[in-house]
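Asks: The opening residue of the sequence shown carries number 948 in our numbering; numbering runs sequentially from there.
All residues carry an ideal CB built from backbone N, CA and C; glycine is no exception.
Dropping a structure here in structure tokens format, bear with me for questions.
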Amino acid sequence: MPTKERLRALTVRGRSVALADQIMGAVDANDGPSVAIYTKGQCPNCGGHMFNPGPQGGLAENVRCVGCGLKWHIAAPFAPHTLDNTDEAYDLTREFDMREYHRGEGEA
Ligand SMILES: [Zn+2]
């Protein structure tokens, strides 16, 4: 996904473009899970793109992979890590595409 789209989307989520630029610039390009989730929008474990939303607060959010069921704690630019909380913490009736996640509302 082009960086410009990611910055626009982060701005939609309440952050300035300058801050978003700093955040995305700080993502560790050598960290596999970081690249998978933040850059490719996919599960580091199975490569799937669909996730269920979970608890969130501040810059952090928990998401559950629809494909393999692994739960991830994400808070860019910090490296994602897996969680072992239960499915009850997630809204299994809702799914979103991680590739669209950082794209601004109303953008194609
Ligand atoms: Zn997965």
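Residue ranges of each beta strand (DSSP E) run of no fewer than 3 residues wholly in the region 972-1020, ordered along the chain?
Replies: Listed in chain order, the complete beta strand (DSSP E) runs (minimum 3 residues) inside the region 972-1020 are 997-1004, 1007-1012.
Asks: Can you name, in chain order, every residue of its own chain whose Cβ lies under 7 Å from the Cβ of Pro980, other than the five neighbours on each side?
Replies: Locating residue 980 in the sequence shown gives position 33, counting from the first residue. Excluding sequence neighbours, Pro980 sits near Pro991, Ala1026, Pro1027.
Asks: According to DSSP, is Ala1023 part of a helix, a strand, or is it coil?
Replies: If you number the sequence shown from 1, residue 1023 lands on position 76. DSSP places Ala1023 in coil when its eight states are reduced to three.
Asks: Can you tell me whether DSSP reads Asp1044 as helix, strand or coil?
Replies: If you number the sequence shown from 1, residue 1044 lands on position 97. Three-state result, Asp1044: strand.
Asks: Exposed or buried, what is Ala1060 when buried is set at 16 or more other beta-carbons lying within 10 Å of its beta-carbon?
Replies: The question about residue 1060 has no answer, for the chain in this structure spans 948 to 1055.
Asks: Does DSSP put Leu966 in a helix, in a strand, or in coil?
Replies: Translated into positions along the sequence shown, residue 966 becomes position 19. In this structure, Leu966 counts as helix in the three-state DSSP scheme.
Asks: Which partner residues of Leu1057 appear in the DSSP bridge assignment?
Replies: Past the edges of the chain, shown from 948 to 1055, lies residue 1057, and the structure says nothing about it.
Asks: Assign Gly1001 to one of two classes, buried (16 or more other C-beta atoms within 10 Å of its C-beta) or exposed (fewer than that).
Replies: Here residue 1001 refers to the residue found at position 54 of the sequence shown. Result: buried.
Asks: Expressed to the nearest angstrom, what Euclidean distance is found between the alpha-carbon atoms of Gly972 and Gln989?
Replies: One-based indexing of the sequence shown puts residue 972 at position 25. One-based indexing of the sequence shown puts residue 989 at position 42. Cα-Cα distance, rounded: 19 Å.
Asks: Can you give the beta carbon distance from Val1013 to Phe998, rounded, assuming they're within the 8 Å contact cut?
Replies: On the sequence shown, residue 1013 is found 66 positions in, with the first residue counted as 1. On the sequence shown, residue 998 is found 51 positions in, with the first residue counted as 1. About 6 Å; that satisfies the 8 Å criterion.
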